[in-house]
């Protein structure tokens, strides 16, 4: 049996009781180590909590490790632990498909992920459009396909959850060229970096998907004891220090309900200015809507 | 302290370890009883599992009960339990706002909800647009605002999660007129009912948001031991018996990735016919896209 188990967001104790019972039944326990991190836990604290040794599965070895995971799961109970919920990444879906092909039983034990816990910022989940990923820009690679997706969401008034890049195990290419495989220190995109990239792309495209004054919510360490929110404009958040990772950002759509705004104002430094920014931003797609009607 | 605790989808043991520890610290425990049900649990089995008495909070009494909850939370630890995750309904958001106003500390302990666990059907979460609610039609009330929202999602190729109505405590009006307050038996919308309503609205509107041949996924008892999926057309699902509640439906958007389709085919009775339906449906919004470009 292969147990696919979501770990939730922060603490070892964020696993469900059913998930913990399953881990304790497993002979081998794998933890995916490339799509996210459990903020208030380490491999060691998890091992202690589960009473099991953990093998970390990295993206670069997931193919060969999948074979190992599946071979083990044919004989014994095996757990594959995923930060957040189980189906956050296509590689996890792929693992389930391969297990099925080999006739291995799969049980999924779900948990919270940023995709639903983001409701903690006060915006209603059913008013979110598609989520988009924002990756670290490099000198030669500045992918901006998120722009069109944000535009699509905002045209119909929906909020957009921006998922920020993490790099937890990047090979150090300088060292690699000398024949040594070493890894760079982990990097987590900050709210400020994300907002700077968004501003850069809008400046280049000038299609008005959003402006520097578009209201957003910075989310720090969602689900942890240091969870915090800041409601401000995109420009303001591009200069905001959101503290320790992990971060996410929500860009508001124009369908902002009074109750949502009331909740958000608690996170705004200048409540009147934030209200004004929301109102101004709501006019941005009015022309589109009139054209449609 | 007010603990807002998500219970997940099905079993008493779907609560997180941290959530359970919090419940055990609480003097009073409330369970919201109007937005969803925990499929494989009863009030009694939860009380036994927690070692605590539970008070069910109903929609009709939530206002007055909120006062009671907040008064208690000023003095002691109080738990407010929510099926799924904490921020599924606006009434829960409202409770947090009122707690804050009264200076009561609030801690949220998240869990899985249909909003993220729906990934178990094989469709990628970041390709979902806004979720829509489908309510029971009555003779005089057949609200169809979901239609425009599905259209918005499908124009940009996104999948739509349809959340099906439940009625767990409807007053029996015939009895009420005789002066007796009694309740009708609980009702849960089935996949077939949902799809029939969708077909009726398309027939009336004829705007082509979807057709009887649009591919969908029926989801039964997500996260429970009897979880099952069926991939078929809207018309087929309007005649499909999805078994015991709770049910949900996903309507596909045209952005279907090969990996998504591969996963879904496992749930199709006729794989070739389902593939053909996906392909045919993808052409539906091609004209729109060409017009845009």
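Protein chains in written order, with our numbering: chain Y, 259 to 551; chain G, 259 to 551. Beta carbons: idealized from backbone N, C-alpha and C, even for Gly.
Inter-residue spacing [alpha-carbon to alpha-carbon] between residue i and residue j
i, j, result
"residue 410(G)", "residue 401(G)", "17 Å"
"residue 486(Y)", "residue 541(Y)", "29 Å"
"residue 265(G)", "residue 494(Y)", "37 Å"
"residue 445(G)", "residue 423(G)", "8 Å"
"residue 426(G)", "residue 291(G)", "8 Å"
"residue 351(G)", "residue 298(G)", "26 Å"
"residue 526(Y)", "residue 520(Y)", "10 Å"
"residue 476(Y)", "residue 331(G)", "29 Å"
"residue 447(G)", "residue 300(G)", "20 Å"
"residue 501(Y)", "residue 478(Y)", "7 Å"
"residue 315(Y)", "residue 516(Y)", "45 Å"
"residue 355(G)", "residue 327(Y)", "46 Å"
"residue 379(G)", "residue 363(Y)", "16 Å"
"residue 407(G)", "residue 538(G)", "21 Å"
"residue 530(G)", "residue 536(G)", "10 Å"
"residue 442(G)", "residue 472(G)", "35 Å"
"residue 381(Y)", "residue 412(Y)", "15 Å"
"residue 353(G)", "residue 432(G)", "33 Å"
"residue 528(Y)", "residue 534(Y)", "10 Å"
"residue 513(Y)", "residue 416(Y)", "6 Å"
"residue 435(Y)", "residue 454(Y)", "32 Å"
"residue 452(Y)", "residue 505(Y)", "10 Å"
"residue 499(G)", "residue 458(G)", "19 Å"
"residue 304(G)", "residue 325(G)", "24 Å"
"residue 333(Y)", "residue 399(Y)", "44 Å"
"residue 335(Y)", "residue 462(G)", "52 Å"
"residue 430(G)", "residue 302(G)", "25 Å"
Cβ-based burial, residue i [other Cβ within 10 Å; buried from 16]
i, result
"residue 329(G)", "exposed"
"residue 460(G)", "buried"
"residue 488(G)", "buried"
"residue 484(Y)", "exposed"
"residue 551(G)", "Residue placement at residue 551(G) is flagged as unreliable, the pLDDT there being 44, under the threshold of 50; the coordinate-derived value follows with that caveat. Label assigned to residue 551(G): exposed."
"residue 389(Y)", "buried"
"residue 261(Y)", "buried"
"residue 568(G)", "Chain G is shown from 259 up to 551; residue 568(G) falls before or after that span and cannot be answered."
"residue 306(G)", "exposed"
"residue 496(Y)", "buried"
"residue 396(G)", "exposed"
"residue 464(Y)", "exposed"
"residue 309(G)", "exposed"
"residue 375(Y)", "buried"
"residue 387(G)", "buried"
"residue 418(Y)", "buried"
"residue 532(G)", "buried"
Rounded Cβ spacing between residue i and residue j (contact assumed at less than 8 Å)
i, j, result
"residue 280(G)", "residue 357(G)", "Actually they are not in contact, since the Cβ atoms of residue 280(G) and residue 357(G) sit about 15 Å apart, beyond 8 Å."
"residue 347(Y)", "residue 368(G)", "Incorrect: roughly 19 Å between the Cβ atoms, too far for contact."
"residue 267(Y)", "residue 421(Y)", "Not confirmed; about 13 Å, so no contact."
"residue 344(Y)", "residue 295(Y)", "In fact, because the Cβ distance is near 16 Å, the residues do not count as touching under 8 Å."
"residue 523(G)", "residue 492(G)", "18 Å between Cβ atoms; not a contact."
"residue 474(Y)", "residue 490(Y)", "7 Å"
"residue 349(Y)", "residue 320(Y)", "6 Å"
Residue from the options whose Cα sits closest to the Cα of residue i
i, options, result
"residue 318(Y)", "295(Y), 267(Y), 386(Y) and 428(Y)", "428(Y)"
"residue 360(Y)", "259(Y), 498(Y), 392(Y) and 306(Y)", "259(Y)"
"residue 394(Y)", "388(Y), 385(Y), 387(Y) and 404(Y)", "404(Y)"
"residue 323(Y)", "311(Y), 288(Y) and 407(Y)", "288(Y)"
"residue 365(G)", "455(G), 392(G) and 263(G)", "263(G)"
"residue 543(Y)", "473(Y), 530(Y) and 414(Y)", "414(Y)"
"residue 284(G)", "339(G), 377(G) and 418(G)", "339(G)"
"residue 518(G)", "377(G), 309(G) and 304(G)", "377(G)"
"residue 282(Y)", "303(Y), 311(Y) and 302(Y)", "311(Y)"
"residue 385(G)", "399(G), 373(G) and 392(G)", "373(G)"
"residue 286(G)", "304(G), 399(G) and 313(G)", "313(G)"
"residue 391(G)", "302(Y), 334(Y), 325(Y) and 383(Y)", "383(Y)"
"residue 482(G)", "498(G), 503(G) and 499(G)", "503(G)"
Proximity test, residue i beta-carbon vs the ligand PLP heavy atom, cut-off 8 Å
i, result
"residue 543(Y)", "Among the ligands in the structure shown, none appear at all, so the ligand PLP cannot be discussed."
Do the stretch 266-280 of chain G and the stretch 267-277 of chain Y touch if we need at least three Cβ pairs shorter than 8 Å?
The stretch 266-280 of chain G vs the stretch 267-277 of chain Y: in contact.
Is the stretch 508-518 of chain Y in contact with the stretch 465-473 of chain Y, if contact means three or more CB pairs nearer than 8 Å?
With the cut-off at 8 Å, the stretch 508-518 of chain Y and the stretch 465-473 of chain Y touch.
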